[in-house]
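K.L.:
All letters in the sequence shown, in the order written, are residues 1 to 156 by the working numbering.
Please see the structure below; I have some questions.
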Amino acid sequence: MSSTSNQAYIFLSTVYAGLIIGFLYDCCRMIRKMVRVNVIVTGILDLLFWSVIGVLSFLVLFYVNDGNVRFYTLLGFIIGWILYLLALSPLIMKGLNWIYDTLARLIQWLGKIIQWPFRQLWKALAKPYRWLKRETDRIKKYFINVFQKFRGKTEG
């Protein structure tokens with residue numbers, strides 16, 4: 001049996017791991033917000049999330065408690081996750097939302113900068129293109145009329 005101070009260390013380590021698990025959960029929530037998810041993507045994200053927290057839990061229990069699973073270690077994971085969800089998650093989600101919105105605006109701004117020369121080129125070429133198309137359509141109609149008149153004279 002381990003000492004009380006060692007048990008406290010183990011318990012606090014599992015609480016900390018529970019906080020990390022909560023943060024990873026928020027990261028998955030943000031990915032779902034950023035990407036339109038369907039059933040397949042949701043399944044992949046869930047599988048990835050549970051795999052990562054499974055490995056994390058195993059590593060914490062293995063390195064901190066020599067792989068022993070005790071009730072207080074499971075309680076530490078749960079308390080850490082609940083503390084995170086109640087205390088830190090709203091703040092972290094606001095921060096992640098701000099980062100997402102800022103990056104989205106930055107990418108949109110960069111997209112406008114990249115598109116600007118192409119738009120200017122399109123504007124410069126659009127009028128001559130429309131004029132050329134209109135003239136070729138007019139010439140095409142003229143020749144169609146001439147050939148129809150010619151065909152009408154030869155058939156009649």
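The beta-carbon is built from N, C-alpha and C at its ideal position, and this holds for glycine as well.
None of the values given here were measured: they were computed from a predicted structure.
At the level of alpha carbons, what is the spacing between residue 23 and residue 89?
P.N.:
Taking the first residue of the sequence shown as 1, we reach residue 23 at position 23. Taking the first residue of the sequence shown as 1, we reach residue 89 at position 89. For residue 23 and residue 89, the distance between alpha carbons rounds to 7 Å.
K.L.:
Suppose the cutoff is 6 Å on Cβ atoms and the five residues either side in sequence are ignored; what does the same chain contact list for residue 169 look like?
P.N.:
Missing from the structure shown is residue 169; the chain here goes from 1 to 156 and no further.
K.L.:
Let's test the definition: count the other Cβ atoms within 10 Å of the Cβ of residue 60 and tell me whether it reaches 16, buried, or not, exposed.
P.N.:
As a first step, residue 60 must be located in the sequence shown, where it is residue number 60. Residue 60 should be labelled buried.
K.L.:
May I ask you to report which of helix, strand or coil DSSP gives residue 151?
P.N.:
One-based indexing of the sequence shown puts residue 151 at position 151. In this structure, residue 151 counts as helix in the three-state DSSP scheme.
K.L.:
Can you list, in chain order, the residues of its chain whose CB lies under 8 Å from that of residue 125, leaving out five sequence neighbours each side?
P.N.:
Here residue 125 corresponds to residue number 125 of the sequence shown, with the count starting at 1. Nothing listed; no residue qualifies.
K.L.:
For residue 20, which residues from the same chain have a beta carbon less than 7 Å from its beta carbon, with the 5 sequence-adjacent residues on both sides left out?
P.N.:
Counted from its first residue, the sequence shown places residue 20 at position 20. The answer, listed in chain order, is 56.
K.L.:
Can you tell me where the alpha helix (DSSP H) with residue 32 in it begins and where it stops?
P.N.:
For the purposes of this step, residue 32 is identified with residue 32 of the sequence shown, where counting begins at 1. Element bounds for residue 32: 4-34.
K.L.:
Which whole-angstrom value is the C-beta distance of residue 76 and residue 15, which I expect to be below 8 Å?
P.N.:
Position 76 of the sequence shown holds residue 76. Position 15 of the sequence shown holds residue 15. Residue 76 to residue 15, Cβ: 5 Å. Contact.
K.L.:
Should residue 150 go down as buried or exposed, given a rule of 16 or more other Cβ atoms within 10 Å for buried?
P.N.:
In the sequence shown, the residue the question calls residue 150 occupies position 150. Label assigned to residue 150: exposed.
K.L.:
Where does residue 67 sit, in a helix, a strand or coil, going by DSSP?
P.N.:
Stepping through the sequence shown from its first residue, residue 67 is reached at position 67. Residue 67: coil per DSSP, three-state reduction.
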